[in-house]
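Reading through the structure tokens given below for one structure.
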Amino acid sequence: MAEGSIFPDLRYSDDMLFSELRAKSEELLNQHEASPRVYYPFDYADELRGLMENEGFVPEDSPIRPELKAALAVNLNTEEGLPYYTATLLRDLPPNHPFRQWIYTWTAEEGRHALTIANWMQAAKIMDMHQLEDDRMAMMKNPDTPQPESFIESVIYPSIQEPSTEVSHRNTSRLLPVEHRIGKKALAAVAGDEVKHGIYYKGLAGEAFIVAPSIAVIGLARQINGFAMPGKSIPDFAKKSKQIANLNIFGPAQLKNIYDELLSDWGVMELENLTPEAETAREFIRKRMRQMDILLARMERNKATE
Numbered sequence: 153m154a155e156g157s158i159f160p161d162l163r164y165s166d167d168m169l170f171s172e173l174r175a176k177s178e179e180l181l182n183q184h185e186a187s188p189r190v191y192y193p194f195d196y197a198d199e200l201r202g203l204m205e206n207e208g209f210v211p212e213d214s215p216i217r218p219e220l221k222a223a224l225a226v227n228l229n230t231e232e233g234l235p236y237y238t239a240t241l242l243r244d245l246p247p248n249h250p251f252r253q254w255i256y257t258w259t260a261e262e263g264r265h266a267l268t269i270a271n272w273m274q275a276a277k278i279m280d281m282h283q284l285e286d287d288r289m290a291m292m293k294n295p296d297t298p299q300p301e302s303f304i305e306s307v308i309y310p311s312i313q314e315p316s317t318e319v320s321h322r323n324t325s326r327l328l329p330v331e332h333r334i335g336k337k338a339l340a341a342v343a344g345d346e347v348k349h350g351i352y353y354k355g356l357a358g359e360a361f362i363v364a365p366s367i368a369v370i371g372l373a374r375q376i377n378g379f380a381m382p383g384k385s386i387p388d389f390a391k392k393s394k395q396i397a398n399l400n401i402f403g404p405a406q407l408k409n410i411y412d413e414l415l416s417d418w419g420v421m422e423l424e425n426l427t428p429e430a431e432t433a434r435e436f437i438r439k440r441m442r443q444m445d446i447l448l449a450r451m452e453r454n455k456a457t458e
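Below you can see the structure in the form of structure tokens.
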């Protein structure tokens with residue numbers, strides 16, 4: 153049974169939403185392209201090499217703890233799964249739809265993320281690049297990329313995932329030793345892209361909550377029910393995920409904050425005249441948020457007694 157299938161299949165709504173969201177999709181694409189972010193993946197590695205040659209910086213003299221290396225590895229491997237995301241998001245899109253052009257633009261920009269991180273890692277000599285490549289091969293041969301079943305879910309899922317990735321990159325950057333300022337800059341460049349991409353998806357989903365609120369609420373419930381950050385096929389992913397959560401880089405607390413912001417921005421709890429199915433979906437969302445609050449409170453109590 154597919155994730156989210158406790159709620160109605162929404163594929164019937166695709167054609168309607170392709171039409172209803174066309175104008176907003178084009179508007180958001182134009183806004184995105186009006187303020188481009190320009191950087192080059194190799195610049196940070198070149199800057200680091202210059203620092204090493206001209207100022208005698210030795211990256212190995214500023215060690216990075218193993219748990220943070222795990223976060224860097226997952227961040228990199230997650231970005232390397234881009235081809236599967238692109239294929240999923242393009243699936244069933246009509247020709248010449250502005251969302252299709254958005255996916256091309258998004259793919260072009262996302263495509264520099266793994267290169268930016270990997271080039272810096274290699275220049276800094278802080279990671280086993282052969283092991284990272286082995287991990288990439290293992291992940292790519294057994295991908296676990298989410299598969300939203302409808303157009304609305306293909307918009308809502310990245311509305312959650314993009315800010316999640318941004319938070320992960322920013323918190324990883326924050327925890328790097330201050331001496332690794334080039335690594336901090338590289339991760340900040342990637343996180344900046346994620347912010348802009350999240351603005352697009354959140355804006356398009358927000359329009360869906362206006363033109364088709366019941367469909368949008370059900371789509372959101374389906375995605376919250378099945379949401380997981382990608383990467384399960386990365387070797388030792390469970391262990392690395394625990395390390396990442398323990399460092400407060402990304403875990404239930406960060407995800408709950410993202411949900412709270414989206415629910416507020418979309419006005420989900422204030423929507424009126426929903427269908428009975430959508431009301432059921434909204435009640436599920438309320439219940440899931442309460443469950444997450446209980447979980448977070450229990451985690452805080454456990455931490456206090458450690």
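Under this note's numbering, read the sequence shown as residues 153 to 458, first letter to last.
By construction, the Cβ of each residue, glycine as well, lies at the ideal position given by its N, Cα and C atoms.
To the nearest angstrom, report how far apart residue i and residue j are at their CA atoms.
i: GLU413; j: ALA222; result: 28 Å
i: ILE334; j: LEU200; result: 6 Å
i: GLY378; j: LEU203; result: 45 Å
i: SER316; j: TYR191; result: 22 Å
i: LEU224; j: LYS394; result: 14 Å
i: LEU426; j: GLN375; result: 18 Å
i: GLU285; j: ALA186; result: 36 Å
i: ARG264; j: PRO193; result: 6 Å
i: ARG438; j: SER416; result: 12 Å
i: GLU424; j: SER366; result: 9 Å
i: ALA433; j: MET292; result: 34 Å
i: GLU262; j: PHE251; result: 16 Å
i: ASN454; j: ARG326; result: 25 Å
i: ASN206; j: ASP198; result: 12 Å
i: LEU180; j: ALA357; result: 11 Å
i: ARG288; j: PRO247; result: 32 Å
i: LEU448; j: MET441; result: 11 Å
i: GLN274; j: GLY233; result: 19 Å
i: THR238; j: VAL307; result: 13 Å
i: MET444; j: ARG450; result: 10 Å
Exposed or buried, residue i, counting other C-beta atoms within 10 Å across all chains shown (16 or more means buried)?
i: GLY419; result: exposed
i: ALA266; result: buried
i: THR230; result: buried
i: PRO188; result: exposed
i: ASN271; result: buried
i: GLU435; result: exposed
i: GLY156; result: Annotation note: pLDDT 46 at GLY156 (below 50); position unreliable, coordinate value reported separately. It is buried - the Cβ of GLY156 has at least 16 other Cβ atoms within 10 Å.
i: SER171; result: exposed
i: PRO459; result: Because the chain here runs from 153 to 458, residue 459 falls outside it and cannot be looked at.
i: PRO404; result: exposed
i: GLN313; result: buried
i: THR324; result: buried
i: GLU318; result: buried
i: THR268; result: buried
i: GLU452; result: exposed
Considering just the uninterrupted stretch of the alpha helix (DSSP H) at residue i, what are its terminal residues?
i: GLY208; result: Per DSSP, GLY208 belongs to no alpha helix (DSSP H) and is neither H nor E.
i: LEU426; result: Counting along the chain, LEU426 falls outside any alpha helix (DSSP H), and DSSP gives it neither H nor E.
i: GLN460; result: Residue numbering for the chain in the displayed model covers 153 to 458; residue 460 lies beyond these limits and cannot be assessed.
i: ARG326; result: 303–327
i: ASN248; result: Looking at the DSSP string, ASN248 is not in any alpha helix (DSSP H), and its letter there is neither H nor E.
i: LEU224; result: 218–232
i: GLU342; result: Before going further, note that residue 342 is Val rather than Glu in the sequence given. That run of the alpha helix (DSSP H) goes 333–363.
i: LEU180; result: 174–186
i: TYR191; result: First-last for TYR191: undefined, no H or E at that position.
For my contact list, residue i and residue j are in at a C-beta cut-off of 8 Å; report their separation, rounded to the angstrom.
i: THR240; j: THR297; result: 6 Å
i: ALA368; j: ILE304; result: 6 Å
i: ALA276; j: HIS332; result: 7 Å
i: ILE370; j: PRO218; result: The pair is not a contact, with the Cβ atoms about 42 Å apart (cut-off 8 Å).
i: GLU301; j: ARG163; result: 6 Å
Check the Cβ-Cβ distances between residue i and every residue of chain C, and say whether any is below 8 Å.
i: ARG326; result: In the structure shown, chain C cannot be found, because there is only a single protein chain.
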